[in-house]
Each structure stands twice: as structure tokens, then as C-alpha cells.
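Enquirer: Numbering (the working numbering), first residue to last: 10 to 531.
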Ligand code: SF4
């Protein structure tokens, strides 16, 4: 027989109640009201100083006080590491550290209350599978650590141009703001392309940088004086049809005309790819690698931000094409989106044309997807997704560069995947020169020496193709310089050298002189 179980009803009820559960709450900024706008400065950053200055013009035009954060410096890495989680990727650490260092200085001067009132931080947001979707959490953690819990930061979603008023009405994310920022980014891109296509060949050292500075200031004014065309369709129509920006870029072209170049200098052409922030950045955050490459006798092909914005349209187009969308009118939506894409690329091409077509064209997104397809599926989102594979193969097949330098952040999941896939690509295309550079922020010598190894081979190729063209055409370098004396337009930075099937600028230049300008064998 089993024993009867008795229940003791005299249990001690004197157990202290558990502490209340503190649930996780996502960061929510305090309101930024319309009345505060005149006395509050929007802080922003993350691109190059050129893009940021033009964006500042667009924000000033809408009567916002706006200021870019100082360019990223090595100390920002340490400040970021101190305050956010240890596994964060290097762009998150750098950008958070940059905000932290700025705020620390301001607090030391004005005190916490004043800084909390005086500034708000505006950053791009996403719901990406990588840490990009969590940037704001890192910022919130750092603000907490600084004792600035009430400091306000706002996210600009990348896929919505008209988000209306945010938390209090101080910031209105509407079409004039979004289009002003996008147009300033596109202009920043084409001017940056001019810069990198010119500086390696400039005859008078420092001239490109001086003209660049002048042009960026000029374009700042252009954005600051942008005419008002309302908040809705009027402003959209105006941005898409106006010649206001192309006229301004033609002025930039005139200023650029003054730069004398020598395109017989043989340079290795290096296409920069990689994680968005790291490839765009110019400074300590990526060991100043673009500047270093130029010092090492290279011509850098910089990555335009415009390619990223173009890429953002494509997942939606793919979903509509494959009827994976919840839209009630997928066919109509697909047509509308493809029309928007054509307008976008058309606008970029108008800007390029105003600068003599020297800025590079945007790669076709479908081609990038198709090139990457055997190695990396386009639905694997995060970071630049399949684009890293697609861009490397695009440059290789179209002979746009001698080598690819892929900047990969330490602790970045999407980039780790793309580097893994590139091993397969290199197996199929062993002569593709590819330098994957892991950037931690504090291992410069290691990273640059890795790049140097591939660059040495790229330089050999650049030299070999130049000599091949000289031999094929029978033209001597002295004869080219003699010819240029009678045709001074050839020495202008705005003279467009057509692509003649070689990766290097100097080889294309010689072939162009022989085939199109009639420079004959000596
Ligand atoms: S792509 Fe990589 S480096 Fe960039 S935010 Fe995402 S995880 Fe960080």
C-alpha cells in the first residue's frame, strides 16, 4: 500500500516578494519640438567631408542648424570600445566613439544639461540583419555610459522619403529634406570621382585638393540656396527635371579645367569595395587607405554612395518580379519602381555628363546580381550582400581596375560571408587580383602590408599593358608630350579618355591617341 501524501497548509508565508522585473525597453528619444528647432543643432556624420558639407547645405536651406561630426580619428576607436559591447563591429565602434568624443568635449565646456538641449543626433537606420539595424542601441548604450540618457537621437529610415514629423515636430522627414540629402549625396559622389581620377595625374602637386575645396564650397552654396517648391509632388517634379544642379556642376567642371594632368604616368587602378561605411570613409577608420594607395602609385576607383541607394531599390523589385510581395497590384508597383529606378540612374547620368562623363557610371544592378549568382544568393541580405562579389567580377570582366581592395570590418558577419565566397570566385578566376583587408582600426601595418603584396602584382600588370600599347602603336612617350604641346586640351583634367579595353588609364590614353586622334608611329 502506498503512503498517503499530506499537504502542510501551515507554510511560511513570510517570503519576501521578488524584486519587480525590469523589462527591456528600446531607446526612445525625448521630444524635439518645432519651437526648439532654431536653437538646436542636428549632428550627423558617416560619409566623407565633401558629402557632409553638401548635406549641410541642404539642411541649412531648410533652416535647420546642422553640423557634421569631426572626421573619425584613431582615438574614437578607444572611446567606442570603452562604452559599447565588446563584440561590436569596427564601424559601430568608430562611429559611436566619434559621437562620444564630441559630446565629452562639449560637456566639458557647457555641461550636460546644455548639451542635451543644444544638440540632437541624426543617423541612418535600418532593420538589417547585421549590426546596422542596431546602431542606435549602441549609441544609446554609450549615452547611458556618459550620463547623457536624455540626449536625443533620431533615425532616418533609408527606404522612406516622406516619414512626416518625428517625435515632437522639430525634425520633419519630408520630400524637401530627403531629396535634398539624396541629391547632395549624388553630387558628392560625382565630385569625389573627379577628385580620384585627377589627383594621381596632376602636374602641380596640391592643385586638385585646392580646386576640390573651392568646388565643394561652391556646391554648398548651391544647396543652401535651393529654391522652395513645396513639400510634396512639386518638389519631386522639380528635382527630377531642373537644370539647377547640372548648371552648377558645369561651373565645377570649368574650375576643374584649370588642373593640368599627365596621363602618361603609369598607375595601378584599384577598385575599392567592402562594407559600406568602411569603403566610403576617408581617414583613420580605414587606415587612410585611399590616400596610402595614391602614395603607392595607384589610381583609386572610389565607391559611390549612389550604388548603395540603387541597391536598396532592388530587393523590392525582385519580390515584385517573383510575386513574393503582399502588394495587391504587383505588376503596377513593379512598373512604378522600375520607372523610379530609371529616373534615379538618369539623374546620376545627367550629373556625370555635366562633368564631362569623367565620373564612373553606376553598375547595372541586374548584372551585379547575375555575376554574383553562382557564388552568393541575392536574397542573402546584410551588409552589401551579393554586391561585393558582383562588383569584383564587374570590374574584372569590364576591365575597370587591375585589382580589388575589399575593406572588411573586424567582427562583421556579412563581410565574412562574402570573403568566404570570394575564395570560390578566385578558384574560378585565378588571375583576378583581390586583396581582402580586415580593418580593426589598430593593426595598420599588418593591413597595409597585405594590400602591398597584391598591389605589387597590380603595378606590374599596369606597366606591362602600357608597354604593350606603346609597342603595338609604335608611339613613344616623348612624341605624346610633343603632340600635347599642340593640343593642350589633352592635358586638362576634364578631357575624357575613352575606355579602350585596358584597365589602366595610361594604356587607354595611348590607344585613344593612336586610334581616335591620329597620333602616328614615329
Ligand atoms: S555590415 Fe558589418 S560592419 Fe557594417 S554595420 Fe553590419 S555588421 Fe557592422
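Where a beta carbon is used, it is the ideal one built from N, C-alpha and C, also for glycine. Only a predicted model underlies this, so the values are computations on that prediction, with no experimental measurement involved.
Helix, strand or coil: how does DSSP classify residue 10 here?
Expert: As a position in the chain shown, residue 10 is number 1, starting the count at 1. Confidence in residue 10 is poor, its pLDDT being 41 and thus under 50, which makes the residue's placement too unreliable to answer from.
Enquirer: Quick check: the Cα distance between residue 435 and residue 441, rounded to an integer number of angstroms?
Expert: Taking the first residue of the chain shown as 1, we reach residue 435 at position 426. Taking the first residue of the chain shown as 1, we reach residue 441 at position 432. Looking at the two C-alpha atoms, the distance is approximately 7 Å.
Enquirer: Measure the Cβ-Cβ separation of residue 400 and residue 416 and say whether it is below 9 Å.
Expert: Numbered from its first residue, the chain shown carries residue 400 at position 391. Numbered from its first residue, the chain shown carries residue 416 at position 407. For residue 400 and residue 416, no; Cβs fall outside 9 Å.
Enquirer: Count the C-beta pairs between the region 263 to 283 and the region 198 to 216 that are closer than 8 Å, then say yes if the count reaches three, no if not.
Expert: With the cut-off at 8 Å, the region 263 to 283 and the region 198 to 216 touch.
Enquirer: Terminal residues of the continuous beta strand (DSSP E) containing residue 414?
Expert: Here residue 414 refers to the residue found at position 405 when the chain shown is read from its first residue. Taken as a continuous stretch (DSSP letters only), the beta strand (DSSP E) holding residue 414 covers 412 to 418.
Enquirer: Within 8 Å: the Cβ of residue 141 and any heavy atom of the ligand SF4?
Expert: In the chain shown, counting from the first residue as 1, residue 141 sits at position 132. Yes; taking the cut-off as 8 Å, the Cβ of residue 141 has a heavy atom of the ligand SF4 nearer than that.
Enquirer: Would you report the Cα separation of residue 10 and residue 24, rounded to the nearest angstrom?
Expert: Taking the first residue of the chain shown as position 1, residue 10 is located at position 1. Taking the first residue of the chain shown as position 1, residue 24 is located at position 15. Low confidence applies to residue 10: its pLDDT is 41, below 50, so where it sits in the model is not reliable, and the reading given next is rough at best. Approximately 36 Å between the Cα atoms of the pair.
Enquirer: Counting only C-beta atoms, is residue 238 closer than 9 Å to chain D at any point?
Expert: The displayed structure is made up of one protein chain only, and chain D is not part of it.
Enquirer: So, residue 364 versus residue 186, is the Cβ gap smaller than 9 Å?
Expert: Indexing the chain shown from 1 puts residue 364 at position 355. Indexing the chain shown from 1 puts residue 186 at position 177. The Cβ-Cβ distance between residue 364 and residue 186 does not fall below 9 Å.
Enquirer: Nearest by alpha-carbon distance to residue 87: which of 77, 110, 66, 71 is it?
Expert: On the chain shown, position 78 is the one that residue 87 refers to. Closest option to residue 87, Cα to Cα, is 110.
Enquirer: Cα-Cα, which of 398, 455, 245, 361 is closest to residue 198?
Expert: On the chain shown, position 189 is the one that residue 198 refers to. Residue 361 is the option with its Cα nearest to residue 198.
Enquirer: Mapping the DSSP letters down to three states, classify residue 353 as helix, strand or coil.
Expert: For the purposes of this step, residue 353 is taken as residue 344 along the chain shown, with counting starting at 1. It is helical.
Enquirer: Taking the DSSP output, what are the residues bridged to residue 378?
Expert: The sequence position of residue 378 within the chain shown is 369, counting from 1. Answer by DSSP bridge pairing: none, since residue 378 is not bridged.
Enquirer: Identify whether residue 384 lies in helix, strand or coil by the three-state DSSP scheme.
Expert: As a position in the chain shown, residue 384 is number 375, starting the count at 1. Residue 384: coil per DSSP, three-state reduction.
Enquirer: According to DSSP, is residue 529 part of a helix, a strand, or is it coil?
Expert: Counting from one through the chain shown, the residue named residue 529 turns up at place 520. Three-state result, residue 529: coil.
Enquirer: Which residue wins for smallest C-alpha separation from residue 196, given the options 225, 279, 182?
Expert: By one-based count along the chain shown, residue 196 stands at place 187. Closest in C-alpha terms to residue 196, from the list 225, 279, 182, comes 225.
Enquirer: What is the rounded straight-line gap between the Cα of residue 528 and the Cα of residue 482?
Expert: Translated into positions along the chain shown, residue 528 becomes position 519. Translated into positions along the chain shown, residue 482 becomes position 473. In a straight line, the C-alpha of residue 528 is about 9 Å away from that of residue 482.
Enquirer: Do you know how far the Cα of residue 258 is from the Cα of residue 149?
Expert: Position 140 of the chain shown, counted from the start, is the residue given in the question as residue 149. Position 249 of the chain shown, counted from the start, is the residue given in the question as residue 258. Going from the Cα of residue 149 to the Cα of residue 258 covers about 40 Å.
Enquirer: Can you give the Cα-Cα distance for residue 129 and residue 55, rounded to whole angstroms?
Expert: Residue mapping note: residue 129 aligns to position 120 of the chain shown, counting from 1. Residue mapping note: residue 55 aligns to position 46 of the chain shown, counting from 1. Cα to Cα, residue 129 sits roughly 15 Å from residue 55.
Enquirer: The beta strand (DSSP E) with residue 280 in it runs from where to where?
Expert: Within the chain shown, numbered from 1, the residue matching residue 280 stands at position 271. That run of the beta strand (DSSP E) goes 277 to 283.
Enquirer: On the three-state DSSP scale, how would you describe residue 341?
Expert: What you label residue 341 is simply residue 332 of the chain shown in a count that begins at 1. Three-state DSSP puts residue 341 in a helix.
Enquirer: Compute the beta-carbon to beta-carbon distance between residue 81 and residue 290, rounded to the nearest angstrom, for a pair I have assumed lies under 8 Å.
Expert: Stepping through the chain shown from its first residue, residue 81 is reached at position 72. Stepping through the chain shown from its first residue, residue 290 is reached at position 281. About 7 Å; that satisfies the 8 Å criterion.
Enquirer: Out of 356, 144, 221, 253, point me to the one whose CA is closest to residue 236's CA.
Expert: For this step, residue 236 is matched to residue 227 along the chain shown. Looking at the Cα atoms, 253 is the closest of the given residues.
Enquirer: Got a sec: does the ligand SF4 put a non-hydrogen atom nearer than 8 Å to the Cβ of residue 269?
Expert: As a position in the chain shown, residue 269 is number 260, starting the count at 1. Every heavy atom of the ligand SF4 is 8 Å or more from the Cβ of residue 269, so no.
Enquirer: What span of residues does the alpha helix (DSSP H) with residue 475 cover, start to end?
Expert: On the chain shown, position 466 is the one that residue 475 refers to. Start and end: 453 to 482.
Enquirer: Helix, strand or coil, according to DSSP, for residue 523 in the structure here?
Expert: In the chain shown, the residue the question calls residue 523 occupies position 514. Reduced to three states, the DSSP call for residue 523 is helix.
Enquirer: How about residue 420: is its Cβ closer than 8 Å to a heavy atom in the ligand SF4?
Expert: Locating residue 420 in the chain shown gives position 411, counting from the first residue. Flag set: Cβ of residue 420 near the ligand SF4.
Enquirer: Cβ of residue 98 within 8 Å of any heavy atom in the ligand SF4?
Expert: What you label residue 98 is simply residue 89 of the chain shown in a count that begins at 1. True, at least one ligand heavy atom lies under 8 Å from that Cβ.
Enquirer: Quick one: what does DSSP say residue 81 is sitting in, helix, strand or coil?
Expert: Translated into positions along the chain shown, residue 81 becomes position 72. In the structure shown, residue 81 sits in coil (DSSP, three-state: anything other than H, G, I, E or B).
Enquirer: Going by other Cβ atoms of all chains shown within 10 Å of its Cβ, with 16 needed for buried, is residue 201 buried or exposed?
Expert: Within the chain shown, numbered from 1, the residue matching residue 201 stands at position 192. Looking at its Cβ environment, which holds 16 or more other Cβ atoms inside 10 Å, residue 201 is buried.
Enquirer: Express the C-alpha separation of residue 524 and residue 419 in angstroms, rounding to a whole number.
Expert: One-based indexing of the chain shown puts residue 419 at position 410. One-based indexing of the chain shown puts residue 524 at position 515. Cα-Cα distance, rounded: 47 Å.
Enquirer: Quick one: which unbroken alpha helix (DSSP H) runs of 4-plus residues sit fully inside the region 258 to 337? Chain order, please.
Expert: 285 to 289, 298 to 304, 314 to 330
Enquirer: Would you say the beta carbon of residue 534 is closer than 8 Å to some non-hydrogen atom of the ligand SF4?
Expert: Any question about residue 534 goes unanswered here, given that the chain covers just 10 to 531.
Enquirer: Output the boundary residues of the beta strand (DSSP E) element that contains residue 53.
Expert: As a first step, residue 53 must be located in the chain shown, where it is residue number 44. Start and end: 50 to 53.
Enquirer: Quick check: does the Cβ of residue 285 come within less than 8 Å of any heavy atom belonging to the ligand SF4?
Expert: In the chain shown, residue 285 corresponds to position 276, counting from 1. Yes, Cβ of residue 285 sits closer than 8 Å to a heavy atom of the ligand SF4.
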